[in-house]
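Chemist: Okay, handing you the structure first.
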Amino acid sequence: MQLTDAEKAMLDGREGRAKAKAMELLVRYGEALGAERLVETKNVAGTWAVSPFMKDFVARGMDAVYSEFNLDSDEVVETPHTVVSSCQLIAGVDHRNWRIQGVPEEGARNQANAEAYFGRRGIQQLATCTPYQVGNVPVRDEHCAWMESSAVVYCNAVLGARTNTEGRESTGAASITGRIPYWGFHRPECRFATHEVEVEFPVDDMMDWGLFGYHVGEAVGEDIPLLAGIRHTPSLIKLKHFGAAAASSGGVEMYHIPGITPEAPTTEAALDGKTPRERLKFGDAERRRAYENLNTSARDRDVDFIMLGCPHNSIEQMWLIAGLLDGKKISPNTQLWVHTPSAIRQVADRSGYTRIIEDAGGVVMSDTCPAISRFMPKGTRVTATDSAKQAHYLPALTGVQTWFGSLGDCIDAALTGRWNGGL
Ligand code: F3S
Numbered sequence: 139m140q141l142t143d144a145e146k147a148m149l150d151g152r153e154g155r156a157k158a159k160a161m162e163l164l165v166r167y168g169e170a171l172g173a174e175r176l177v178e179t180k181n182v183a184g185t186w187a188v189s190p191f192m193k194d195f196v197a198r199g200m201d202a203v204y205s206e207f208n209l210d211s212d213e214v215v216e217t218p219h220t221v222v223s224s225c226q227l228i229a230g231v232d233h234r235n236w237r238i239q240g241v242p243e244e245g246a247r248n249q250a251n252a253e254a255y256f257g258r259r260g261i262q263q264l265a266t267c268t269p270y271q272v273g274n275v276p277v278r279d280e281h282c283a284w285m286e287s288s289a290v291v292y293c294n295a296v297l298g299a300r301t302n303t304e305g306r307e308s309t310g311a312a313s314i315t316g317r318i319p320y321w322g323f324h325r326p327e328c329r330f331a332t333h334e335v336e337v338e339f340p341v342d343d344m345m346d347w348g349l350f351g352y353h354v355g356e357a358v359g360e361d362i363p364l365l366a367g368i369r370h371t372p373s374l375i376k377l378k379h380f381g382a383a384a385a386s387s388g389g390v391e392m393y394h395i396p397g398i399t400p401e402a403p404t405t406e407a408a409l410d411g412k413t414p415r416e417r418l419k420f421g422d423a424e425r426r427r428a429y430e431n432l433n434t435s436a437r438d439r440d441v442d443f444i445m446l447g448c449p450h451n452s453i454e455q456m457w458l459i460a461g462l463l464d465g466k467k468i469s470p471n472t473q474l475w476v477h478t479p480s481a482i483r484q485v486a487d488r489s490g491y492t493r494i495i496e497d498a499g500g501v502v503m504s505d506t507c508p509a510i511s512r513f514m515p516k517g518t519r520v521t522a523t524d525s526a527k528q529a530h531y532l533p534a535l536t537g538v539q540t541w542f543g544s545l546g547d548c549i550d551a552a553l554t555g556r557w558n559g560g561l
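Residue 302 in our numbering sits at position 164 of the sequence shown, and the numbers go up by one each step.
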């Protein structure tokens, strides 16, 4: 791999042991992928303070766990300060609501200590899977090093910035070197569409965008779809749900919507003037199949728990939810958790949305989600969600039955305790 003088200096240890280990990791990782060089990045989204490792932090010390999990290093190095803007993605513990989550006090304390430790070393505690909703909004062609599949696909396809789906170790190394291997989606020639998916009806609401994404992910796997026939300009919420679903049922990290995706003003530009490898469609049959696939785990219509906010809710979604719950009470047999980044929660607090949701009997959660934390209301057997991603993962990770449907279906389930949704 070709390294610049500055990169060689880091690798040789002239800037300390941590940077030397980070550069060793990046060179090893880059060479395994066939990268010929590194590229500078000033935008890292990764994970440092995460609850599953909190016990380790206490028992082994922060530096030991940081060295192993953020640098893949057997040698214990002192945790350095970041050199580029780096944010913490979602973690497992809600600062305010850890008791409701069921997190032991010690776990909450450990999480807070770890956040303070890494905060002092420069990690911005955004604590969300949607950094682009709370201030980390890279510009077109900006090289990033992001983890979290739903954020990666949004970064590439909607913002036109460039990232692969990185890991905890590579983002750790990127945050203290400002480098990441130049391969995959960093290279313009690797970003063109390979498949075309024609939409046969006006996909417009959030549920349909989730179903569409779920179908596309299953159909193209890790390839790059071009979405044709979109009749309504999709909002942030819809693109967020589409990408999260496509990255769950498949491994979609990039897609093109002509006129929406920054580097795809036209179909020809999206395809680099080539013919797509395959032409697929999303019509009534595909929509129904995606819906049925997402609801295979669910049988009982009495719902114990409704989860909203996967990926984390935007302020628009908080407003929508508050509007649907205003003046109502959720069923005593069910619980409702609404997940949003803590920065958005502050706006929801000031706008009165949190109060409306809490007066109805719901809880506004931040910093976490059930799929990451594995914490749900005690005794939950049946859940409901408006997120294709959450419906994909929750049954597999926790064994609960999960209904997928529209936001309206989910609010109805919260109010009645029954699942009445359907296509
Ligand atoms: Fe975010 Fe958890 Fe969903 S990390 S994308 S809310 S599974």
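Here a beta-carbon is modelled for each residue, glycine too, at the ideal position from N, C-alpha and C.
Taking 7 Å as the cut-off, is the CB of residue 395 close to at least one heavy atom of ligand 1?
Modeler: One-based indexing of the sequence shown puts residue 395 at position 257. Checking the Cβ of residue 395 against ligand 1 gives no.
Chemist: Please classify residue 328 as buried or exposed, where buried requires at least 16 other C-beta atoms within 10 Å of its C-beta.
Modeler: Your numbering for residue 328 matches position 190 in the sequence shown. Residue 328 should be labelled exposed.
Chemist: Mind reading off the beta-carbon distance from residue 424 to residue 353? Whole number of angstroms is fine, and I expect it under 8 Å.
Modeler: Here residue 424 is taken as the residue at index 286 of the sequence shown, counted from 1. Here residue 353 is taken as the residue at index 215 of the sequence shown, counted from 1. Between residue 353 and residue 424 the Cβ distance is about 5 Å, and since that is below 8 Å, they are a contact.
Chemist: When every heavy atom of ligand 1 is checked, does at least one fall within less than 7 Å of the C-beta of residue 470?
Modeler: Along the sequence shown, one-based indexing puts residue 470 at 332. It does not: the Cβ of residue 470 is nowhere closer than 7 Å to a heavy atom of ligand 1.
Chemist: With 16 as the cutoff for other CB atoms within 10 Å, does residue 219 come out buried or exposed?
Modeler: Position 81 of the sequence shown holds residue 219. It counts as exposed.
Chemist: How many Å lie between residue 273 and residue 266 at the Cα?
Modeler: What you label residue 273 is simply residue 135 of the sequence shown in a count that begins at 1. What you label residue 266 is simply residue 128 of the sequence shown in a count that begins at 1. C-alpha separation (whole angstroms): 11 Å.
Chemist: What do you reckon, is the C-beta of residue 435 under 7 Å from a heavy atom of ligand 1?
Modeler: For the purposes of this step, residue 435 is taken as residue 297 along the sequence shown, with counting starting at 1. No.
Chemist: Skipping 5 residues on each side, what residues in its chain have a beta carbon closer than 8 Å to that of residue 562?
Modeler: What the structure shows of the chain is the stretch from 139 to 561, and residue 562 is not part of that stretch, so it cannot be assessed.
Chemist: Note down, in chain order, each residue of its chain lying with its Cβ closer than 6 Å to the Cβ of residue 299, except the 5 sequence neighbours on either side.
Modeler: Translated into the one-based positions of the sequence shown, residue 299 becomes position 161. Closer than 6 Å at the Cβ level, and outside the excluded window around residue 299, lie 276, 280, 282 and 293.
Chemist: Just grab the DSSP bridge partners of residue 262 for me.
Modeler: In the sequence shown, residue 262 corresponds to position 124, counting from 1. According to DSSP, residue 262 bridges with 225.
Chemist: CA-CA distance, residue 291 and residue 153?
Modeler: The count along the sequence shown starts at 1 and reaches residue 291 at position 153. The count along the sequence shown starts at 1 and reaches residue 153 at position 15. Residue 291 and residue 153: Cα-Cα distance of roughly 34 Å.
Chemist: If residue 364 and residue 414 are in contact, beta carbons under 8 Å, what's the gap, nearest whole angstrom?
Modeler: Position 226 of the sequence shown, counted from the first residue, corresponds to residue 364. Position 276 of the sequence shown, counted from the first residue, corresponds to residue 414. Residue 364 to residue 414, Cβ: 7 Å. Contact.
Chemist: Terminal residues of the continuous alpha helix (DSSP H) containing residue 315?
Modeler: Residue mapping note: residue 315 aligns to position 177 of the sequence shown, counting from 1. Segment 306-315, the alpha helix (DSSP H) holding residue 315.
Chemist: Answer yes or no: does any C-beta atom of chain D fall closer than 8 Å to that of residue 535?
Modeler: In the structure shown, chain D does not exist; there is a single protein chain.
Chemist: Specify the secondary structure class of residue 278 as computed by DSSP and reduced to three states.
Modeler: Translated into the one-based positions of the sequence shown, residue 278 becomes position 140. If DSSP states are grouped into helix, strand and coil, residue 278 belongs with coil.
Chemist: Quick one: complete beta strand (DSSP E) runs, 3+ long, within the stretch 474-546?
Modeler: Those beta strand (DSSP E) runs which fall completely within the stretch 474-546 and span 3+ residues are 501-503, 520-523 and 539-542.
Chemist: Alpha carbons only, please: which of 505, 474, 530 and 518 is nearest the one belonging to residue 268?
Modeler: Residue numbering aside, residue 268 sits at position 130 when the sequence shown is read from its first letter. The candidate whose alpha carbon is nearest that of residue 268 is 505.
Chemist: With the cut-off set at 8 Å, would you say residue 507 and residue 477 are in Cβ contact?
Modeler: Locating residue 507 in the sequence shown gives position 369, where the first residue counts as 1. Locating residue 477 in the sequence shown gives position 339, where the first residue counts as 1. Yes. Within cutoff.
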